[in-house]
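Below: one structure, written as structure tokens.
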Amino acid sequence: MNDTLLIERLQTGVRLEKSMLKVLKGLAEYLDISLGDLLEGIVLHAFAGRSAFAGKPELLAVIQQLKTVYGMHYDEQFAHRLAEAVQG
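Each residue of the sequence shown is one higher than the one before, starting from 24 at the first, in this note's numbering.
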């Protein structure tokens, strides 16, 4: 039995907070997957009401290290409360 689902992917111009993007890219590199694959996995778990990293303390530790390295000094409490700094 083949458990692969054939899909169509589209290029998107999503804007993300700078340090968050660096953490995501670092985690994708650590897991040896593409950034798109990482995001798809996170979203699929979230849509099912689960965390992609639940029960994986080693990955949570890697994420925390990446957050420290890349200066991501905020957490889920700031979801939907991030605002861009005024340029100029």
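Note that beta-carbon positions come from the ideal geometry of N, C-alpha and C, so glycine has one too.
Since the model is a prediction, treat every value here as computed from it, not as a measurement.
**Report entry** CB contact flag (residue 93, residue 49, <8 Å)
**Finding:** Looking up residue 93 in the sequence shown gives position 70. Looking up residue 49 in the sequence shown gives position 26. Going by C-beta atoms, residue 93 is nearer than 8 Å to residue 49.
Query raised in the report: Would you say residue 46 and residue 90 are within 8 Å of each other, going by their C-beta atoms?
Result: As a position in the sequence shown, residue 46 is number 23, starting the count at 1. As a position in the sequence shown, residue 90 is number 67, starting the count at 1. The answer is yes: Cβ separation under 8 Å.
Requested in this report: Please confirm whether residue 61 and residue 54 have their CB atoms less than 8 Å apart.
Outcome: Sequence index remark: in the sequence shown, residue 61 carries index 38 (1-based). Sequence index remark: in the sequence shown, residue 54 carries index 31 (1-based). Against a cut-off of 8 Å, the Cβ pair of residue 54 and residue 61 comes out as a contact.
**Report entry** Neighbourhood of residue 101 by C-beta, 7 Å cutoff - its chain only, sequence neighbours within 5 removed
**Finding:** Residue 101 sits at position 78 when you count from the first residue of the sequence shown. Nothing listed; no residue qualifies.
Query raised in the report: Cβ atoms of residue 51 and residue 58: under 8 Å apart, would you say?
Result: To locate residue 58, count along the sequence shown from 1; it is residue 35. To locate residue 51, count along the sequence shown from 1; it is residue 28. Cβ distance < 8 Å, so residue 58 and residue 51 count as in contact.
Requested in this report: List the endpoints of the continuous alpha helix (DSSP H) containing residue 95.
Outcome: Here residue 95 refers to the residue found at position 72 of the sequence shown. Per DSSP, residue 95 belongs to no alpha helix (DSSP H) and is neither H nor E.
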